[in-house]
Every structure is written in structure tokens, then in C-alpha cells.
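Numbering (the numbering used here), first residue to last: 29 to 179.
Glycine included, C-beta positions come from ideal geometry on N, C-alpha and C.
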Ligand SMILES: [Zn+2]
């Protein structure tokens, strides 16, 4: 707990967001027992989700079996939901581990689920964090949320 607290003082979105208890604002779609699903505010594609453990760990081998199982199970459910709601045709699913691995937030492991469509731009970057962007995200959130609620 001390470790978690001292890390949190520096600010970690994966620790802070679940504690805010404003899931629509923080774009948290689902709270599992050990892990949770949220939307990426800088999406590569519409519907870009992330699964993260509540535990502040930076490596997959610091997760226990229960956490790993829940991550896989939530990722699978998320992909089924993205297929059903957004007609996703394929996915990129995985983690960037460490700075060299391309992790944006390397101190708290998180798994990306990026829906893909035939002919979409490969990892099209979305520029800026504008009001329009946030509204677009919340629109997607409102489409996805009922499906996560019924998991
Ligand atoms: Zn954290």
C-alpha cells in the first residue's frame, strides 16, 4: 500500500481514474473484481479500449493468475461487444511494455484493444484533446456502456 500511495502522488491515470467514481467522465466502461476497462482518450481508432489491473504494477509477470484471467476474459468480452456494436472486423490486442516497448504510461501495465476495419488507416493518430474529441468519445461510451453493464 505504501508503494502504491507514493507512486500515486506522481499521478497515474490507471490508479486515479477508478477512484474518481465518475465513470462516464473518466470513460470507465466496466469495473471487474481485479481489473477494469476504459476508453483511450487518444484513440488510434474509434472504440480503442484498454484493460488494466487496479494494481499499480509495470510488468505482466507481476500479475497473478486471477488478474491475468480477468484481463483475457474482459478483452474477449470487449471484442465481442465491439464486433456487435461497431462491426469491428479485426483487432490489435496487446501491451507496450517499458519505454522501449512504446508504453505511454510505462509504470502501470495496460492492454490495448484496437478495433480494425478493412482499409482503415493503420494506427491513424488523433491529434489534440479538444472538446469535440471528448464529445465523440462520450458518444461512443454511451453506445458501448449498456453492453458492458450486461456482462
Ligand atoms: Zn497506477
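Using a threshold of 9 Å, state whether the C-beta atoms of residue i and residue j are closer than that.
i           : j           : result
residue 99  : residue 81  : yes
residue 91  : residue 60  : no
residue 165 : residue 109 : no
residue 116 : residue 176 : no
residue 66  : residue 55  : yes
residue 134 : residue 86  : yes
residue 142 : residue 89  : no
Which residues does DSSP list as the beta-bridge partners of residue i?
i           : result
residue 120 : 142
residue 64  : 59 and 80
Assuming residue i contacts residue j under a Cβ cut-off of 8 Å, what Cβ separation, rounded to an integer in Å, is found between them?
i           : j           : result
residue 120 : residue 140 : 7 Å
residue 118 : residue 144 : 4 Å
So is residue i buried or exposed if we call it buried at 16+ other beta carbons inside 10 Å?
i          : result
residue 52 : exposed
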